[in-house]
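Participant: Numbering (this note's numbering), first residue to last: 114 to 252. Where a beta carbon is used, it is the ideal one built from N, C-alpha and C, also for glycine.
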Amino acid sequence: DSYDAVVIPGGMPGALNLAANNDVSKRILNHYSNGKIVAAICASPAVVFGPLGILENRRAVCYPGMEKQCPDVNFSEERVCVDANVITARGAGCAMEFGLEIVRALFGRNFNQRGGKKISAGAEKRGQRQICSDTAVLP
């Protein structure tokens, strides 16, 4: 495949529909086995990646409560998790961080030093939770 990454959205029943599609599964596995980036957010890490074996021996996260879909996976409590070519995120509240990690994986950790358009995800605190904080420069 000529794509640099496969990014799987979350939500239900979309994650179930993607997991049931053999063409989607083949594309994901092809990218994964060739060391290309595979990323999933919300329910999809557990529902789509888990049954494909992608999360075996990897750090990963998923939407809270979906861990039961993959009892053999040791899910982390992080908001976004990067383990080699696998990127996972807990849910929509982590979407900006998830997207920035995908950009970093594609363009390198120092992509924000290359110049280009600035994007900013401002820090916001609600109670004890830090919502999202990062600034990036896209190529």
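Return the CA-CA distance between Ile215 and Val151, expressed in angstroms with no decimal places.
Facilitator: Computed Cα separation, rounded: 9 Å.
Participant: Opposite Ile121 in the DSSP bridges: which residues?
Facilitator: DSSP output for Ile121 lists Ala153 as bridge partner(s).
Participant: What is the DSSP secondary structure of Ala218, reduced to helix, strand or coil?
Facilitator: Here Ala218 sits in helix by DSSP.
Participant: Using the Cβ count rule (16 or more neighbours within 10 Å means buried), how would you classify Ser157?
Facilitator: Looking at its Cβ environment, which holds 16 or more other Cβ atoms inside 10 Å, Ser157 is buried.
Participant: Would the stretch 140-150 and the stretch 169-181 be scored as touching if the rule is three or more Cβ pairs under 8 Å?
Facilitator: Segments in contact, no.
Participant: Provide the residue(s) that pair with Ile200 in DSSP beta bridges, ordered along the chain.
Facilitator: According to DSSP, Ile200 bridges with Ala152, Val195.
Participant: Mind checking Asn130: buried by the 16 CB within 10 Å criterion, or exposed?
Facilitator: Exposed.
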